[in-house]
Amino acid sequence: MKMEEELLAIIEKNSRIDLKELAIILGVAEIDVVNTLQKLEEDGVVCGYHTMINWEKTSIEKVTALIEVRVTPQRGQGFDSIAERIYKYPEVQSVYLISGGYDLLVTLEGKTLREVSTFVSDKLSTLDTVLSTATHFILRKYKDHGTILNEKTEDEREIVTP
Amino acid sequence: MRNPVSDAIVGIKPSGIRKFFDIVTEMNDKDVISLGVGEPDFETPWHIRDMGIYSLEKGKTHYTGNTGLIELRKEICNYIKRTQGVSYDPVSETLVTVGGSEAIDIGIRAMCNPGDEVIIPQPSYVSYEPCAILAGAKPVIIDLKEENEFRLTAEELKAAITDKTKVLILPFPNNPTGAIMEKSDLEAIRDVIIENDIYVMSDEIYAELTYKDKHVSIVSLPGMKERTILINGFSKAYAMTGWRLGYACGPAEIIKQMTKIHQFCIMCAPTTSQYAAVEALKNGDSDVAEMRTAYNQRRRFLINAFREMNIKCFEPFGAFYIFPCIKEFGMTSEEFAQRFLAEEKVAAVPGTAFGNSGEGFLRISYAYSIEKLREAMKRFARFAEKLRAEQAK
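Just so you know, the protein sequences line up as chains A and B, in that order.
Per the numbering used here, the first sequence starts with residue 1, numbered consecutively.
Per the numbering used here, the second sequence starts with residue 1001, numbered consecutively.
Structural data, given as structure tokens:
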């Protein structure tokens, strides 16, 4: 595996890893790691360092919805401009163009069900190019970003083996 | 009452690992970090487990043929062909066993007459010597040397050969040292093997876990396939230790006799495991590559940690072990391991559990997360400092 690819795989799982340790486990000089990271950031390959939070374990109420949106693509711009109108809302977490039965998949985070439904009925459905929406509320997250939530990891192995 | 047990068995000393295991278990301390495990920390990749489950659902709950599912034997032969360029016949030259361990046992039994000598380079896995003794053969130990990075040299081999020598055990990539034998190392011993007309049992269970070049099997050298039993399995490469599945490939006349023992003792390897193993060989390459990358990162982490502690340690390129030298502390491996456990709560297996030539060394397994290893190395550094301070007094 190329160093860059290996580095990305590591920091995708652990963005807080110490640079010196990163250099050691990749078997390269620390300065190479620093330079590579800087370039990846400048090129927009690395576009943020986020924290994964299991909100269910906090007392903070949050609801996440997946919204299927069917739209009319616009001449000369396809889906881009309608996607932009949607993703500029800060409460919108992600927007994907999807193949199949609908066009855009929008994920939305709100404090309450009402807040999300208000957004859908007032903001999203009323856009000229939106033909229809179907809103799915997430009831429980089992796995997110490759991480299984609420999983106990215990070492099942015998403590010493040949 | 008469003595109920066999003198031969009583004469075999229990594994040094077992003794250390008992000490660690007795401590029963949640804070103990173990670096003593000889199996992957990864779980078996899901698609492989899923295939095992699927086979159960489909009612594949019966014996298979003695030598194993033909589909599996074919996949095994494909694998050796694509990795080593050597062709085996899945029908007459391939046997599916209960782990590599069974293949070691029945291979030695199938090859040795009473009094034949089996050359065993050490430090190495714990079962070769007892298996040889139980087969009525005589184990002849070669003490591998750190200055050779624990590789076997032609001189060492030559010196160990007598007119009774029948089999050489070739345990590389090596547990516990992490040593490998590169192609040139194998070429150097090849002539000695052929000149003296001895057979080789090449235990390549760690073949997929090398960190320099790809593993080269001795069977790929001219003239070696016909005098070698190649042993491998699924435990280490695919993290399938609990499935108990291995195999042996070799000359038909040896495999035939091994199959006889296998047939009477075992009948056949577990069926569920065999179906899962087919999936592993067909679609498991990327899983192996991913695990290998992770092991290599940990390996570099440990090499660096020992370098920073100024503890002598050759760079191992295979398996998932590192074998630091602790001679400077003036203790035996066992004393060191026991004090390290008692004072820093880290369990690492004394090198002597793998033969006398492991004296002065410790086997550190890196089948652990970097987080665990980081904490363990912190404790190691603290312990080394304390011992050096004691010595300075």
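Think of the CB as a built atom: it goes at the ideal place given N, C-alpha and C, for glycine as much as any other residue.
What you are looking at is a predicted structure, and each value in this text was computed from that prediction instead of being measured.
Below 9 Å between beta carbons: does that hold for E1371/B and T1352/B? Residue 1371/B sits at position 371 when you count from the first residue of the second sequence. Residue 1352/B sits at position 352 when you count from the first residue of the second sequence. For E1371/B and T1352/B, no; Cβs fall outside 9 Å.
Nearest-angstrom Cα separation, counted from V1167/B out to Y1199/B: Within the second sequence, residue 1199/B is the residue found at index 199, counting from 1. Within the second sequence, residue 1167/B is the residue found at index 167, counting from 1. Pairing Y1199/B with V1167/B, the inter-Cα distance amounts to about 5 Å.
Going by DSSP, which residues form a beta bridge with N1232/B? What you label residue 1232/B is simply residue 232 of the second sequence in a count that begins at 1. Bridge partners of N1232/B: Y1247/B.
Close-in-space but distant-in-sequence residues of the same chain around Y1079/B (CB under 6 Å, 5 per side omitted): Translated into positions along the second sequence, residue 1079/B becomes position 79. Close CB contacts of Y1079/B within its chain, under the 6 Å cut and outside five residues either way in sequence, are with L1281 (chain order).
Taking the alpha-carbon of E1390/B as reference, which of M1331/B, E1195/B and P1350/B has the nearest alpha-carbon? The sequence position of residue 1390/B within the second sequence is 390, counting from 1. Minimum Cα distance to E1390/B is reached at M1331/B.
Could you name the residues of the same chain whose beta carbon sits closer than 6 Å to that of P73/A, not counting the 5 residues immediately before and after it, in chain order? The sequence position of residue 73/A within the first sequence is 73, counting from 1. F79, listed in sequence order.
Between the alpha carbons of P1139/B and V1126/B, how many angstroms are there, rounded? Here residue 1139/B is taken as the residue at index 139 of the second sequence, counted from 1. Here residue 1126/B is taken as the residue at index 126 of the second sequence, counted from 1. Spanning the two alpha carbons is a distance of roughly 13 Å.
Just the Cα atoms here: how many angstroms apart are N1043/B and M1240/B? Sequence index remark: in the second sequence, residue 1043/B carries index 43 (1-based). Sequence index remark: in the second sequence, residue 1240/B carries index 240 (1-based). Sequence check: residue 1043/B is Glu here, not Asn. Roughly 8 Å separates the two Cα atoms.
What are the boundary residues of the alpha helix (DSSP H) that includes T1083/B? Within the second sequence, numbered from 1, the residue matching residue 1083/B stands at position 83. From DSSP, the alpha helix (DSSP H) with T1083/B extends over I1070 to Q1084.
Pair within 9 Å by beta-carbon distance, E1075/B and H1262/B: What you label residue 1075/B is simply residue 75 of the second sequence in a count that begins at 1. What you label residue 1262/B is simply residue 262 of the second sequence in a count that begins at 1. One thing to note: E1075/B has its Cβ no nearer than 9 Å to the Cβ of H1262/B.
Can you check whether the CB of E1328/B is closer than 9 Å to the CB of K1345/B? On the second sequence, residue 1345/B is found 345 positions in, with the first residue counted as 1. On the second sequence, residue 1328/B is found 328 positions in, with the first residue counted as 1. One thing to note: K1345/B has its Cβ no nearer than 9 Å to the Cβ of E1328/B.
Kindly list, in the order they appear in chain B, the residues whose Cβ is closer than 7 Å to that of V33/A. For the purposes of this step, residue 33/A is taken as the residue at position 33 of the first sequence. Here the premise fails: no neighbours, minimum Cβ distance about 13 Å.
To which residues does DSSP link Q74/A through a beta bridge? Numbered from its first residue, the first sequence carries residue 74/A at position 74. Paired residue(s): G78/A.
Given K1212/B as reference, the closest of E1315/B, L1341/B and P1014/B once Cα atoms are compared: Position 212 of the second sequence, counted from the first residue, corresponds to residue 1212/B. It is E1315/B whose Cα lies nearest to the Cα of K1212/B.
For P162/A versus G1038/B, is the C-beta distance shorter than 9 Å? In the first sequence, counting from the first residue as 1, residue 162/A sits at position 162. In the second sequence, counting from the first residue as 1, residue 1038/B sits at position 38. Yes, the pair counts as a contact, with Cβ atoms nearer than the cut-off.
Whole angstroms are fine: how far does the CA of H136/A sit from the CA of G1068/B? To locate residue 1068/B, count along the second sequence from 1; it is residue 68. To locate residue 136/A, count along the first sequence from 1; it is residue 136. Rounded to the nearest angstrom, the gap between the Cα atoms of G1068/B and H136/A is 49 Å.
Against R157/A, what residues of chain B qualify as contacts under a CB-to-CB distance less than 7 Å, listed in chain order? Position 157 of the first sequence, counted from the first residue, corresponds to residue 157/A. At a beta-carbon threshold of 7 Å, the residues of chain B lying near R157/A are V1037 and E1039, ordered along the chain.
Any C-beta of chain B sitting closer than 9 Å to the C-beta of I25/A? For the purposes of this step, residue 25/A is identified with residue 25 of the first sequence, where counting begins at 1. Chain B contact via Cβ: present.
Can a CB atom of chain B be found closer than 9 Å to the CB of A134/A? Residue 134/A sits at position 134 when you count from the first residue of the first sequence. Residue contact with chain B for A134/A: absent (no Cβ-Cβ distance below 9 Å to any residue of chain B).
Could you name the residues of chain A that V1126/B contacts, counting a contact when the two beta carbons are closer than 8 Å? Numbered from its first residue, the second sequence carries residue 1126/B at position 126. Using a Cβ-Cβ cut-off of 8 Å, V1126/B is close to P162 of chain A, given in chain order.
Whose Cβ in chain B lies nearer than 7 Å to the Cβ of E6/A? Within the first sequence, residue 6/A is the residue found at index 6, counting from 1. Those are T1293, listed as they occur along chain B.
Close Cβ partners of L40/A (< 6 Å) along its chain, the five nearest in sequence each way excluded: Taking the first sequence and counting its residues from 1, the one referred to as residue 40/A is at position 40. A distance below 6 Å between beta-carbons, with the five flanking residues on each side excluded, links L40/A to the following residues of its chain, in chain order: V46.
Short check: CB of V1098/B to CB of G1284/B, under 9 Å? Your numbering for residue 1098/B matches position 98 in the second sequence. Your numbering for residue 1284/B matches position 284 in the second sequence. No. Outside cutoff.
For A1137/B, which option in L1152/B, N1113/B, E1385/B and P1171/B has the closest C-alpha, if you only look at C-alpha atoms? As a first step, residue 1137/B is located in the second sequence; it is residue number 137 there, counting from the start. Nearest C-alpha to A1137/B among L1152/B, N1113/B, E1385/B and P1171/B: N1113/B.
If we ignore side chains and look at the alpha-carbon of each, how far apart do K1019/B and N1066/B end up? As a working mapping, residue 1019/B is identified with position 19 in the second sequence. As a working mapping, residue 1066/B is identified with position 66 in the second sequence. Taking the Cα positions, K1019/B is about 35 Å away from N1066/B.
By the DSSP assignment, the alpha helix (DSSP H) with T163/A in it spans what residues? Outside the displayed span of chain A (1 to 162) sits residue 163/A, for which this structure offers no information.
For chain B, check one thing: does any of its Cβ atoms lie closer than 9 Å to the Cβ of E21/A? Walking along the first sequence from the start, residue 21/A turns up at place 21. With 9 Å as the cut-off, E21/A counts as an interface residue toward chain B.
Backbone secondary structure at L1221/B - three-state DSSP: Mapped onto the second sequence, residue 1221/B falls at position 221. Annotated three-state conformation of L1221/B is coil, per DSSP.
Which listed residue (G1052/B, K1145/B, Y1321/B and L1302/B) has its alpha carbon closest to that of R1374/B: On the second sequence, position 374 is the one that residue 1374/B refers to. The alpha carbon of R1374/B has as its nearest neighbour, out of G1052/B, K1145/B, Y1321/B and L1302/B, the alpha carbon of L1302/B.
Indicate the three-state DSSP secondary structure (helix, strand or coil) for M1309/B in the structure shown. Within the second sequence, the letter at position 309 stands for residue 1309/B. M1309/B sits in coil when the DSSP states are folded into three classes, being neither helix nor strand.
Checking 9 Å against the spacing of the C-beta atoms, do L108/A and E91/A come in under that value? In the first sequence, counting from the first residue as 1, residue 108/A sits at position 108. In the first sequence, counting from the first residue as 1, residue 91/A sits at position 91. A contact, by the Cβ cut-off of 9 Å.
Beta strand (DSSP E) segment containing L1362/B, residue limits: For the purposes of this step, residue 1362/B is taken as the residue at position 362 of the second sequence. Residues L1362 to S1365.
What are the uninterrupted segments assigned as beta strand (DSSP E) that are 3 or more residues long and contained completely in the region 1316-1372 of chain B, given in chain order? As summarised for the region 1316-1372 of chain B, the continuous beta strand (DSSP E) elements at least 3 residues long and confined to that stretch are 1362-1365, given in chain order.
Could you check how far apart the C-beta atoms of G1107/B and I1231/B are, in whole angstroms? I think they sit under 8 Å. Against the second sequence, residue 1107/B aligns to sequence position 107. Against the second sequence, residue 1231/B aligns to sequence position 231. About 7 Å separates the CB atoms of G1107/B and I1231/B; that is less than 8 Å, so the two are in contact.
If I'm right that E1208/B touches K1236/B with Cβ under 8 Å, what's the distance once you round it to whole angstroms? Counting from one through the second sequence, the residue named residue 1208/B turns up at place 208. Counting from one through the second sequence, the residue named residue 1236/B turns up at place 236. Contact between E1208/B and K1236/B holds: their C-beta atoms lie close to 7 Å from each other, under 8 Å.
Is the beta carbon of I1048/B less than 9 Å from the beta carbon of E1279/B? The residue you call residue 1048/B lines up with position 48 of the second sequence. The residue you call residue 1279/B lines up with position 279 of the second sequence. Yes; because the gap between Cβ atoms is below 9 Å, this pair is in contact.
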